[in-house]
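Letter by letter, the sequence shown follows residues -21 to -1, 1 to 527 in mature numbering (1 follows the signal peptide of the UniProt record, and there is no 0).
Even for Gly, the Cβ is constructed at its ideal location relative to N, Cα and C.
These numbers come from a predicted model, not from an experiment.
Scroll down for the structure; my scribbles are underneath it.
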Amino acid sequence: MWMFKKTNTITVLLSAMVVLAACSGNGNGNTGKETNNGGQERTNTPGETPAKRGSITVSMYDRGNVPAEAGTAEKNSWTDWVVENGPADVKFITVPRWESTDKFNVLLASGDAPDLIQEYATGFRDSLYRTGQLIPLDELIEEHSTSYKELLETYPVLRKAGTKPDGKLYEIGKLSPMLPDEVMFVRKDWLDKLNLKVPTTDQELLEVMRAFASQDPDQNGKKDTYGIANAQGRGLYVMFQDVEWIVQDGQLVKDWERKQAALDYHKKIYEEGLIDKDYLTDKNREQQRQFFLQGRAGVYTGRIGNMGDFNLYETFRKNNPDAELIVIPWPETKYGNFISYFQNPVQMTAVVNSTAKDPASVIKYVDFMTQAKTGETLLYGFEGTHWEKSTTGCPKILDDELYKNEVSWSVDFQMMFSKTLLGDCATLEGQLNPEVPMQKDFLDLYHQAEESFNGRDIPWLTHPEHMPTLPDDLQIITSTINPTMEEISTKAIITKSYSAEQAIQDMKKVWDSGGGKKLEEWYANWYAENSSNAILAKDLIEFTESLK
């Protein structure tokens, strides 16, 4: 178990970053003179020979969200700012966000892949390491880095996460507070109307959902409410610690018991009409979201970690002005008290292509993009134009529409930036204004989400992004087995005569006949040999504690 506390500004490290940035300028021998656009002039100390300016290529996700007036995904106001203020000339190579690995594979095959590959998919980055397509970074960082090297020294877990089995550092990452991501919202006004208490166990939650679905909590005289929306989120599974691989008697084993318990729970919710009957086919969950926004669901599993989540809440309140939401801890089951999904606090995001002609300039670029001033500018825009300091000392957006059009879409420029450098200003705590009633209400929910972490266990061995990547032959086994397992799970939920127990027995047969035992053996061996070197839940907790 661990206790959540708000992150304090990392004054010592931030001060060190400022000093280092001042000493190193732009990473190319410049003085780093401040300009009125929030960047740095490339002026040289008198008598100093300008350092040679490198030329590199960098990948960038294309989400289709760059406003036309700002440019294109390849060249826009922020790519121009990065080139103007950074240490190298950069050509940005864009890849579709949701088809990124396919595009990277094409670029790699044609020899056109960028020098710096920024990609969230752990398995893809691992495949580049296994096929010898990456450059080790230890010596490059030692010789050409200041800011990122300081982060590695201050937070050893960052180096540990980026180090591969050969003992060398290959991946660049970022640090963030360990914050709640998926939470359980409950209509408190409905609880009050029906004289119900806040549920603390899975059975109590079931009773509350039954009441929400049958006792007309919105008092409109119609049977049009649901106990829950968005039940297909992770929460109602990890509540039972249904996470596939668990540690038992010191060994990592495949779990079936918890999967059956979670499946049986979902079956009850479906059979009793506590959720929309089409929820399993609502792949993007839009219909489930609408049930919540329209005020027709008493429980909703959703996210709470960013401004987009606030916008959703704002829509909910406009549609349901008299409603009152609360965030509750995930109810206890016989398997324990758990948190649900959380933001990965130690996230690897970038690697250097082995074909890079000027890797030193790549590292200087990494250094620039990981500096506190750079990150702050890319996150908030320019002081005086887009923001000013609030009473909390954090940036306060001056014009929401201007910020939306000129800054909000710059998120992928922050893939290597450690928001821990900004302390509380990196969280919703610093982005919302408690003097605005709607924002204060959402901050209260956010604080409840923080509190919901207290005294709870992490259900996974580690964050899913830190789980090992299977070899190609074993990945084929999982890609063959998993669709059939999912079909069996869906059948069990929607077919009254098909019990969860029988479904698990059928899943086991598919697992055994499809090569599942090879997966069990591989994971068991991996854990026995690597648990001391892997990033596990305890490492993430220790890192979070170090920020306090």
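- Relative to residue 343, the option among 123, 80 and 92 whose CA is nearest is 123.
- In terms of Cβ geometry, residue 164 and residue 411 do not form a close pair [threshold 9 Å].
- When rounded, the separation of the alpha-carbon atoms in residue 174 and residue 195 is 13 Å.
- In this structure, the alpha-carbon of residue 460 lies about 33 Å from that of residue 73.
- Scanning its chain for C-beta atoms nearer than 7 Å, with the 5 sequence neighbours on each side dropped, one finds around residue 105 the residues 448, in chain order.
- Residue 208 carries a strand assignment under DSSP once its states are collapsed to helix, strand and coil.
- If you draw a straight line from the Cα of residue 172 to the Cα of residue 318, it comes to about 28 Å.
- A distance below 7 Å between beta-carbons, with the five flanking residues on each side excluded, links residue 158 to the following residues of its chain, in chain order: 284, 321, 322 and 406.
- The C-beta distance from residue 522 to residue 226 rounds to 20 Å, too long to meet the 8 Å contact threshold.
- By the neighbour-count criterion, in which 16 or more other beta carbons inside 10 Å mark a residue as buried, residue 512 falls on the exposed side.
- In this structure, residue 180 sits away from residue 380, with a CB-CB distance that is not shorter than 9 Å.
- Look at residue 388 here: in three-state DSSP terms it is helix.
- Residues 161, 319 and 320 of the same chain have their beta carbon placed closer than 7 Å to that of residue 213, with the five preceding and five following residues left out of the count.
- Within the same chain, Cβ atoms closer than 8 Å to the Cβ of residue 422 are found at 407, 408, 411 and 413, the five residues on either side in sequence being excluded.
- Taking the Cα positions, residue 269 is about 36 Å away from residue 484.
- For residue 153, the number of other beta carbons within 10 angstroms of its own is at least 16, and it is reported as buried.
- Looking at the backbone, the Cα of residue 84 and that of residue 442 are separated by about 26 Å.
- According to DSSP, residue 308 shares a beta bridge with no other residue.
- Within the same chain, no Cβ atom closer than 6 Å to the Cβ of residue 455 is found once the five residues on either side in sequence are excluded.
- The closest CA to that of residue 167, considering only 187, 150, 151 and 148, is found on 187.
- Contact between residue 38 and residue 114 is absent: CB atoms are separated by about 15 Å, not below the 8 Å threshold.
- By the criterion of a C-beta distance shorter than 6 Å, residue 177 is surrounded in its chain by 307, once the five residues flanking it on both sides are discounted.
- Taking all protein chains in view, the Cβ of residue 450 is surrounded by fewer than 16 other Cβ atoms within 10 Å, so the residue is classified as exposed.
- Under the Cβ criterion (8 Å, minimum of three pairs), the stretch 292 to 304 counts as touching the stretch 265 to 282.
- Residue 83 carries a helical assignment under DSSP once its states are collapsed to helix, strand and coil.
- Beta-bridge partners assigned by DSSP to residue 278: 165 and 207.
- DSSP, reduced to helix, strand and coil, places residue 187 within a helical segment of the structure shown.
- Annotation: residue 141 to residue 101 spans about 11 Å, alpha carbon to alpha carbon.
- In the three-state reduction of the DSSP assignment, residue 495 falls in the helix class.
- Between residue 256 and residue 490, the CB-CB gap reaches or exceeds 9 Å.
- For residue 41, the enclosing beta strand (DSSP E) has its first and last residue at 33 to 41.
- Taking 9 Å as the cut-off, the beta carbon of residue 32 is found no closer than this to the beta carbon of residue 88.
- Judged by their CB atoms, residue 147 and residue 117 are nearer to each other than the 9 Å cut-off.
- Judged by DSSP secondary structure, residue 329 falls within the beta strand (DSSP E) whose first and last residues are 325 to 331.
- Partner residues in a beta bridge of residue 76, as assigned by DSSP, do not exist.
- Taking residue 189 as reference, the option from 82, 377, 206 and 119 with the minimal CA-CA separation is 206.
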